[in-house]
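For reference, the structure is listed below as structure tokens.
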Amino acid sequence: MTESSGFSRKRLYLNLDGKSKILLSWPILSAGLFVLVLVVLSLFLIFEHLLVYYQPEEKKFLIGIILMVPVYAIESVIVSLSPC
1138 MTESSGFSRK
1148 RLYLNLDGKS
1158 KILLSWPILS
1168 AGLFVLVLVV
1178 LSLFLIFEHL
1188 LVYYQPEEKK
1198 FLIGIILMVP
1208 VYAIESVIVS
1218 LSPC
């Protein structure tokens, strides 16, 4: 038999509870990496806003909006890991 492409498709399987296996491919791994960077940057931005907490009525809404980004990103990665 001949191979149709020059590279082999390697996939990593994550066994969580001994029963189900989750396929970890490059899109999931890259999404996880971007989420990790996003969470670190968002936490840094929240920390910076808390350091200059002069106007509490405005800052609490800004921090709430900034928190929406990592929550949505983490939720998206969790959903992409769940089996169909």
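Last residue of the sequence shown: 1221 in this note's numbering, with the numbers rising by one and none dropped. Even for Gly, the Cβ is constructed at its ideal location relative to N, Cα and C.
Just the Cα atoms here: how many angstroms apart are Leu1166 and Tyr1191? Residue 1166 sits at position 29 when you count from the first residue of the sequence shown. Residue 1191 sits at position 54 when you count from the first residue of the sequence shown. If you take the alpha carbons of Leu1166 and Tyr1191, they lie about 40 angstroms apart.
If you draw a straight line from the C-alpha of Ile1211 to the C-alpha of Glu1195, how long is it? Numbered from its first residue, the sequence shown carries residue 1211 at position 74. Numbered from its first residue, the sequence shown carries residue 1195 at position 58. Across the structure, Ile1211 and Glu1195 are spaced so that their CA atoms are roughly 26 angstroms apart.
In whole angstroms, give me the CA-to-CA distance for Ser1213 and Phe1171. The residue you call residue 1213 lines up with position 76 of the sequence shown. The residue you call residue 1171 lines up with position 34 of the sequence shown. Rounded to whole angstroms, Ser1213 to Phe1171 spans 12 angstroms at the Cα level.
Along the chain, where does the alpha helix (DSSP H) that runs through Tyr1191 open and close? Translated into the one-based positions of the sequence shown, residue 1191 becomes position 54. That residue, Tyr1191, is in no alpha helix (DSSP H); it is neither H nor E in DSSP.
Integer-rounded CB distance, given that Leu1175 should sit under 8 angstroms from Pro1207: If you number the sequence shown from 1, residue 1207 lands on position 70. If you number the sequence shown from 1, residue 1175 lands on position 38. So it is a contact: roughly 6 angstroms between Cβ atoms.
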